[in-house]
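A short write-up of the structure that comes next.
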Amino acid sequence: MLGGTDLMWSDPDDIPAWAVSPRGAGWLFGGNVTREFNHVNGLKLIARAHQLVQEGHKYMFNTSLVTVWSAPNYCYRCGNLASIMRFHEDGTKDFIDYGPAPENERDRGMPMRRIGGAGAQYFM
Numbered sequence: 016m017l018g019g020t021d022l023m024w025s026d027p028d029d030i031p032a033w034a035v036s037p038r039g040a041g042w043l044f045g046g047n048v049t050r051e052f053n054h055v056n057g058l059k060l061i062a063r064a065h066q067l068v069q070e071g072h073k074y075m076f077n078t079s080l081v082t083v084w085s086a087p088n089y090c091y092r093c094g095n096l097a098s099i100m101r102f103h104e105d106g107t108k109d110f111i112d113y114g115p116a117p118e119n120e121r122d123r124g125m126p127m128r129r130i131g132g133a134g135a136q137y138f139m
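Sequential numbering of the sequence shown, starting at 16, is according to the working numbering.
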């Protein structure tokens, strides 16, 4: 069973099963793992967040998983879109997509702090 950290930091990837995550926590998981999880749990869709996708939302594995990212222009530097997933009473769903927010005056010109050492992908 996955622990809370594994669940939070694990990400889908174009692999068949499991792999170590480059994040340093959690795992990468593929389409076969996703299909098995959905089947065992009687699900049609896993809707997840906590992973930036440039287009705001991204389906994977024949629409059995979707990642929704709702922070436009993350950290005022990524230039990404954001999305909100909307479910309707008839069972259909769609997305409200929106673009980057203007830079906040308070944060303009503040240096970015990288965490995780040299070459880190994460910043604050």
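Beta carbons are placed, not taken as given, at the ideal position from N, Cα and C, and that holds for glycine.
Under the three-state reduction of DSSP, Arg92 is assigned to coil, being neither helix nor strand. The three-state secondary structure of Thr82, taken from DSSP, is strand. Around Arg38, the same chain offers Trp24 as residues with beta carbons nearer than 6 Å, after the five sequence neighbours per side are excluded. Sequence-distant Cβ neighbours of Cys93 in its own chain, meaning closer than 8 Å and more than five residues away, are Leu67 and Gln69.
For Arg50, the enclosing alpha helix (DSSP H) begins and ends at Gly46 to Val55.
Counting along the chain, the unbroken beta strand (DSSP E) around Ser98 starts and ends at Ala97 to Phe102. One thing to note: Asp26 has its Cβ no nearer than 8 Å to the Cβ of Gly45.
Note: Arg63 is bridge-paired with Thr82 in the DSSP secondary-structure output. Ranked by how close their Cα comes to the Cα of Tyr113, the residues Pro87, Met100 and Arg101 have Pro87 in first place. Excluding its 5 nearest sequence neighbours in each direction, Gly41 has C-beta neighbours in its own chain below 6 Å: Asp21, Trp24 and Ser25, listed in chain order. Per the coordinates, the alpha-carbon of Ile99 lies some 29 Å from the alpha-carbon of Ala32.
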